[in-house]
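One structure is given here, and the rest of the page talks about it.
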Amino acid sequence: MDPDTFRTLGHQAIDWIADYWQHLADHPVAPPVEPGSIRAQLPSAPPEHGEDFPALLADLERIVLPGLLHWQHPRFFGYFPANASGPAVLAELLSAGLGVQGMNWSTSPACTEVEQQMLDWFVQLLGLPAHFRGTGVIQDTASSALLVALLTALHRASGGRTRDHGTDGHRYRVYLTRETHSAAAKAAVITGLGLRALHDVATDADGAMDAADLETCIRADRAAGATPLMVVATRGTTSRLSFDALDAIGPVCRRHGVWLHVDAAYAGVAAICDELRWVGDGVHHADSYCTNPHKWLLTNFDCDLLWVTAPEALVGALSVLPEYLRNPASASGRVTDYRHWQVPLGRRFRALKLWSVVRWYGAEGLRAHIRTGVRHARLFAGLLRTDPRFTLLAPPVLGLVTFRLNASDVANRGLLDTVNTEGTTFLTHSEKNGTYFLRFATGGTFTEDRHVHEAWRALRKAASAGDEGEQG
Ligand code: PLP
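The opening position of the sequence shown corresponds to residue 11 in UniProt numbering, with each subsequent residue numbered one higher.
So, in structure tokens, the structure goes:
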């Protein structure tokens with residue numbers, strides 16, 4: 011494709027995205043799809059001869075769109091948001107157009123230095139401790155951040171031995187709670203520690219880690235000959251936004267020389283608002299801390315910000331130096347080579363979309379977006395309170411409302427299925443102590459008050475249909 015053709019078709023592609031966004035509300039949020047039905051519409055063999063790009067756009071419309079869960083839909087309230095925005099998508103396109111690899115500073119100096127600056131900007135924007143400056147890196151996801159942190163903790167705890175000898179028969183222990191994201195278990199599997207390394211710590215009624223029990227677990231493991239390695243604390247758990255108390259957990263970690271990783275994948279970005287800065291309370295205790303602009307901060311997937319306060323341990327854990335990657339800049343010690351801060355070698359220019367988002371919205375625009383999400387959660391909770399058929403599990407926290415229909419788990423499952431199948435809105439579920447509940451997560455880029463009201467009407471209608479079904 012020559013540049014002039016690219017220009018013409020590029021305009022069409024941008025038009026297509028703009029039209030998609032403009033008419034998103036007309037689509038069912040989650041169209042019904044039978045497994046295999048999308049694939050069945052694709053040719054069984056690749057084309058021998060090249061085709062026109064418009065043919066792809068036509069198939070996007072005909073085959074792909076009906077097979078998508080529309081995450082950018084203004085009435086999408088499932089999981090946590092994974093919101094995109096114009097400035098993010100445009101910069102993502104620019105990044106693809108530049109097609110650079112930022113694995114070493116020398117392989118694209120601007121890629122590294124813009125990223126370093128963005129991470130330092132976010133130290134300011136989120137009110138993070140000053141000692142986080144210069145220790146940040148963009149990872150693809152919070153899962154990768156956790157894995158990298160665990161590898162670094164292993165490196166530090168073993169005095170560097172794990173690089174050469176693996177875990178060397180050590181029985182390391184990683185502390186978490188039943189509310190911790192499954193990424194922690196996955197990281198234990200990937201590192202070879204295995205699930206047996208995981209030690210469940212008790213939680214309080216709000217689902218937050220019990221720091222006293224943490225200390226008891228650590229002492230017991232040590233007495234049994236195991237090595238306490240890492241605590242995974244969460245500021246805003248996935249299921250119901252519990253907040254582990256870092257001011258209680260941090261000193262326990264310090265006393266026992268245990269690495270403290272703090273996962274604030276969803277909630278961390280809310281600290282951009284003064285009144286929500288509490289989400290980062292106690293973060294100065296963290297050895298590593300992450301949050302995802304790709305959830306609630308208008309930056310399309312993927313973009314996770316990770317700070318590791320001892321970057322030399324991180325580099326020590328992950329650096330491998332083949333001859334073909336040697337270069338004078340790296341040898342000078344004056345530059346950061348981000349390939350040592352992550353699992354893959356190659357790396358995308360993700361900082362460009364973050365830069366674009368921060369510049370377009372400004373800090374005040376980002377704050378306004380977070381505040382709208384919080385307001386929408388309160389609006390929805392207020393609507394729920396007007397209908398005695400529903401119970402809030404707790405007052406809304408940030409952009410999450412957790413609730414139940416006052417009926418059996420089966421009826422709640424049925425309600426979710428009915429409302430999602432109807433297509434006006436989309437919600438997801440979780441469980442607390444074995445009890446099933448529904449989650450309504452706000453924060454969509456295009457969501458306005460009316461969409462919250464429309465979702466509420468759809469939910470009430472589905473509940474009424476359930477009532478009739480039960481009576482009939
Ligand atoms: N940690 C928490 C608290 C989350 O809520 C999530 C996802 O919702 C994750 C980690 C995983 O995020 P990612 O997809 O960035 O790995």
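Each residue gets a CB set at the ideal place from its N, CA and C atoms; glycine is no exception.
Spatial distance of residue i from residue j (CA atoms)
i, j, result
"D130", "V268", "26 angstroms"
"G482", "A475", "For G482, the pLDDT reaches just 43, beneath the cut-off of 50, and the residue's location in the model is therefore unreliable, leaving the point undetermined."
"L164", "V429", "46 angstroms"
"A98", "L136", "19 angstroms"
"A197", "C263", "20 angstroms"
"L157", "T201", "8 angstroms"
"L186", "I48", "39 angstroms"
"P119", "T396", "57 angstroms"
"L161", "F436", "37 angstroms"
"P303", "A361", "11 angstroms"
"residue 10", "D36", "Residue 10 lies beyond the stretch modelled for the chain, which goes from 11 to 482, so this question has no answer here."
"E61", "M11", "11 angstroms"
"A341", "W115", "11 angstroms"
"P42", "G77", "8 angstroms"
"L324", "R349", "11 angstroms"
"A207", "H439", "28 angstroms"
"H295", "Q126", "22 angstroms"
"E285", "T452", "18 angstroms"
As assigned by DSSP and simplified to three states, the class of residue i
i, result
"G146", "strand"
"E58", "coil"
"L448", "strand"
"M128", "helix"
"R245", "strand"
"D174", "helix"
"L437", "coil"
"L78", "coil"
"G482", "Note that G482 scores 43 on pLDDT, short of 50, meaning its location in the model is unreliable; the coordinates nonetheless yield the value given after this. Looking at G482 - three-state DSSP - the assignment turns out to be coil, as it is neither helix nor strand."
"F16", "helix"
"L208", "strand"
"A40", "coil"
"N422", "helix"
"L136", "coil"
"R467", "helix"
"I48", "coil"
"S474", "helix"
"V330", "coil"
"T122", "helix"
"G169", "coil"
"E71", "helix"
"R188", "coil"
"S340", "helix"
"E225", "helix"
"G260", "helix"
"T455", "coil"
"L203", "coil"
Where residue i falls, given that 16 or more other Cβ within 10 Å makes a residue buried
i, result
"E102", "buried"
"Y182", "buried"
"Y334", "exposed"
"A280", "buried"
"F359", "buried"
"residue 4", "Any answer about residue 4 is impossible in this case: the structure gives the chain only from 11 up to 482."
"L184", "With the sequence shown as reference, residue 184 is identified as Val, and Leu is not the correct amino acid for it. With 16 or more Cβ atoms within 10 Å of its Cβ, V184 is classed as buried."
"H180", "buried"
"G204", "exposed"
"D314", "buried"
"P406", "buried"
"A472", "buried"
"G278", "buried"
"P238", "buried"
"A68", "exposed"
"V289", "buried"
"A140", "exposed"
"residue 4", "Because the chain here runs from 11 to 482, residue 4 falls outside it and cannot be looked at."
Counterpart residues of residue i in DSSP-defined beta bridges
i, result
"residue 8", "In the structure displayed, the chain extends from 11 to 482; residue 8 sits before or after that span and is not available."
"K442", "T445"
"R414", "T401"
"F63", "None, per the DSSP bridge assignment."
"F253", "R245"
"T213", "M219"
"F86", "F436"
Below-8 angstroms beta-carbon distance, residue i vs any chain C residue
i, result
"G383", "Any reference to chain C falls outside this structure, which holds one protein chain only."
Residue ranges of each beta strand (DSSP E) run of no fewer than 3 residues wholly in the stretch 265 to 327, ordered along the chain? Listed in chain order, they are 269 to 273, 298 to 301 and 314 to 318.
Give the list of continuous beta strand (DSSP E) stretches no shorter than 3 residues that lie fully inside the stretch 343 to 410. 400 to 402
Residue ranges of each alpha helix (DSSP H) run of no fewer than 4 residues wholly in the stretch 87 to 115, ordered along the chain? 96 to 108
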